[in-house]
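Residue numbers (UniProt numbering): 1 to 372.
All C-beta atoms in this analysis are idealised placements derived from N, C-alpha and C, irrespective of residue type, glycine included.
Because the structure is a prediction, the values reported are computed rather than measured.
Scroll down for the structure; my scribbles are underneath it.
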Amino acid sequence: MASNKLLLFPGDGIGPEIMEEVKKVISWLSENGEDTFEYEEGLVGGSAYDVHGCAISEEDMVKAQAADAVIFGAVGGPKWDDVPYDVRPEAGLLRLRKDLGLFANLRPAICYPALADASSLKKDIIEGLDILIVRELTGGVYFGEPKEIIELGNGQKRGIDTQVYDSYEIERIAGVAFDLARTRGNKVCSMEKRNVMKSGVLWNEVVTSTHKADYADVELEHMLADAGGMQLVRWPKQFDVIVTDNLFGDMLSDVAAMLTGSLGMLPSASLGATDETTGKRKALYEPVHGSAPDIAGAGAANPIAMIASFAMALRYSFQKIAEADMLEKAISNALDKGLRTKDIAQQGEATITTAQMGDAIVAELNALAGVS
Ligand code: NAD
Ligand code: IPM
Ligand code: MN
1 MASNKLLLFP GDGIGPEIME EVKKVISWLS ENGEDTFEYE EGLVGGSAYD VHGCAISEED
61 MVKAQAADAV IFGAVGGPKW DDVPYDVRPE AGLLRLRKDL GLFANLRPAI CYPALADASS
121 LKKDIIEGLD ILIVRELTGG VYFGEPKEII ELGNGQKRGI DTQVYDSYEI ERIAGVAFDL
181 ARTRGNKVCS MEKRNVMKSG VLWNEVVTST HKADYADVEL EHMLADAGGM QLVRWPKQFD
241 VIVTDNLFGD MLSDVAAMLT GSLGMLPSAS LGATDETTGK RKALYEPVHG SAPDIAGAGA
301 ANPIAMIASF AMALRYSFQK IAEADMLEKA ISNALDKGLR TKDIAQQGEA TITTAQMGDA
361 IVAELNALAG VS
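Okay, here's the thing in structure tokens:
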């Protein structure tokens with residue numbers, strides 16, 4: 001029996017609330033599965049700032065490097081609006097991504113059958129939707145230098161962010177997208193803005209050459225990212241895998257989230273390269289949504305994005321495919337029974353709390369596993 005080591009970062013706002021629900025699932029698996037999961041907790045974001053004066057301590061960075069997988073809630077909130085930029089809550093998450101080398105962010109958007117009416121789009125547009133956004137996560141304008149505000153000396157200031165991509169960064173994320181496409185609809189759509197950005201020209205060029213060299217069997221299409229956003233809302237089922245840069249991926253995945261009914265539904269996996277000697281890869285699993293300060297503390301947060309992110313951990317870090325499938329099925333079954341947190345409820349529909357949704361998913365796990 002193996003023991004897997006998780007590091008949990010609940011974070012801020014609704015982060016700790018949804019993490020409590022994942023803990024129920026982790027305990028259930030340890031009690032009922034083949035392997036056990038041990039976990040430690042760390043501080044990140046505003047909660048780390050309040051204790052350490054920075055968005056993540058060196059000690060917690062060391063723990064994150066050593067963990068088999070990091071499970072991350074959410075960070076940020078108005079309480080920390082005025083803290084210095086370098087120690088703002090979001091800096092903790094960005095450091096984890098960069099220092100752990102988590103360049104591949106997988107953001108699947110799946111419309112659960114029971115929620116086909118919950119989207120702001122018409123049912124036939126999103127029913128059966130199953131797309132995957134592969135977002136480059138350690139490059140682009142998020143990390144490019146220079147990144148600063150400078151005084152121009154004439155009373156004016158200049159804010160500078162720099163979009164930088166090297167060909168190896170594009171090639172490796174394209175490889176991830178093509179490999180994943182082969183396991184699903186065998187189709188990749190690459191999105192950039194080559195009409196205005198040099199990095200977009202290079203992106204298009206490298207994705208095309210990677211395709212030609214190693215993935216000619218996969219269907220490849222290119223789209224300008226603004227048109228891609230429009231197409232995602234017009235007819236999202238035309239897509240299988242979308243591969244795009246850090247910033248476009250951030251925005252397009254929030255759009256994709258709403259196709260599924262709520263930001264509270266969208267999980268993600270952030271993966272590093274596989275170590276050739278150990279066969280292991282660093283990984284962090286987090287919902288796509290943020291700390292939702294507007295509902296924090298109200299028991300109204302939907303824990304499904306967080307729990308489905310743990311299902312991705314089972315799939316990608318622990319090769320526990322049957323358990324991952326079972327957990328996703330448990331989520332689906334809870335939704336089929338009409339259980340709804342507020343964000344996915346139709347007007348007038350009864351709602352349940354964050355904890356009740358977590359309990360309901362554990363009850364479905366029990367039912368699926370035949371445990372009383
Ligand atoms: P948000 O995702 O926190 O919230 C947007 C809207 O979606 C809100 O109305 C919120 O109530 C709702 N929502 C989000 N998650 C939900 C859930 N699980 N259940 C029900 N409703 C949910 O985005 P925001 O308001 O723009 O950002 C708030 C803070 O979160 C900011 O400080 C931002 O930087 C941070 N943020 C953090 C992460 C992260 O930690 N990964 C991601 C995005 C935003
Ligand atoms: C996300 C978030 C983060 C991002 C923030 C909190 C740094 O919006 O994961 O989607 O912009 O990548
Ligand atoms: Mn985002």
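Output the boundary residues of the alpha helix (DSSP H) element that contains residue i.
i, result
"glycine 175", "167–182"
"tyrosine 285", "From DSSP, tyrosine 285 is part of no alpha helix (DSSP H) but of the beta strand (DSSP E) over 281–285."
"tyrosine 316", "304–316"
Give every residue of the same chain whose Cβ lies closer than 8 Å to the Cβ of residue i, excluding the five residues on either side of it in the sequence, and list them in chain order.
i, result
"glutamate 127", "Cys111, Pro113, Ala116"
Spatial neighbours of residue i within its chain, please: C-beta separation below 6 Å, excluding the five flanking residues on both sides.
i, result
"proline 10", "Pro16, Met19, Gly73"
"valine 206", "Ser167, Ile170, Glu171"
"aspartate 161", "Val141, Lys147"
"serine 3", "Thr36, Glu38"
"isoleucine 352", "Leu339"
"tryptophan 28", "Val362, Leu365"
"serine 199", "Gln163, Tyr165"
"methionine 265", "Ile304, Ala305"
Would residue i and residue j qualify as a contact pair, given that the criterion is a beta-carbon distance under 8 Å?
i, j, result
"leucine 232", "alanine 256", "yes"
"serine 119", "methionine 258", "yes"
"aspartate 12", "glycine 42", "no"
"valine 176", "valine 218", "no"
"proline 292", "alanine 301", "In the sequence as displayed, the identity of residue 292 is alanine instead of proline. Going by C-beta atoms, alanine 292 is nearer than 8 Å to alanine 301."
"proline 267", "proline 108", "yes"
"isoleucine 14", "alanine 355", "no"
"leucine 7", "valine 70", "yes"
"phenylalanine 248", "alanine 216", "no"
On the DSSP letters alone, give me the boundaries of the beta strand (DSSP E) that residue i sits inside.
i, result
"residue 374", "The shown model of the chain, from 1 to 372, leaves out residue 374, and the question about it has no answer."
"threonine 223", "First, the residue type needs correcting, since residue 223 is methionine and not threonine in the sequence shown. It spans 219–224 - the beta strand (DSSP E) in which methionine 223 sits, taken as one unbroken run."
Note down, in chain order, each residue of its chain lying with its Cβ closer than 7 Å to the Cβ of residue i, except the 5 sequence neighbours on either side.
i, result
"glycine 33", "Glu323"
"lysine 329", "Leu368"
"glutamate 349", "Arg340"
"threonine 138", "Arg97, Lys98, Gly101, Leu102, Phe103"
"isoleucine 173", "Phe103, Ala104, Val134, Glu136, Val243"
"isoleucine 321", "Arg315"
Just tell me which of the options has its CA closest to the CA of residue i.
i, options, result
"leucine 132", "Tyr165, Val243, Tyr316", "Val243"
"serine 332", "Leu121, Ile352, Glu364", "Glu364"
"glutamine 346", "Phe318, Gln319, Ser262, Asp294", "Ser262"
"tryptophan 80", "Asp336, Arg95, Ser47, Leu180", "Ser47"
"aspartate 336", "Lys122, Pro84, Ser317, Ala360", "Ala360"
"lysine 237", "Val62, Val196, Asp130", "Asp130"
"lysine 342", "Asn195, Asp254, Ser253, Gly299", "Gly299"
Are there three or more Cβ pairs, one per stretch, closer than 8 Å when the region 40–59 is compared with the region 91–99? These segments touch.
Contact between the region 305–316 and the region 21–28: three or more CB pairs below 8 Å? Of all C-beta pairs linking the region 305–316 to the region 21–28, three or more are shorter than 8 Å, placing the two stretches in contact.
Any contact between the region 259–271 and the region 188–207? By contact I mean 3 or more CB pairs, one from each, below 8 Å. Touching, no, given that fewer than three Cβ pairs across the two stretches are closer than 8 Å.
The region 212–227 touching the region 177–189, judged by at least three CB pairs closer than 8 Å: Output reads yes: the region 177–189 touches the region 212–227.
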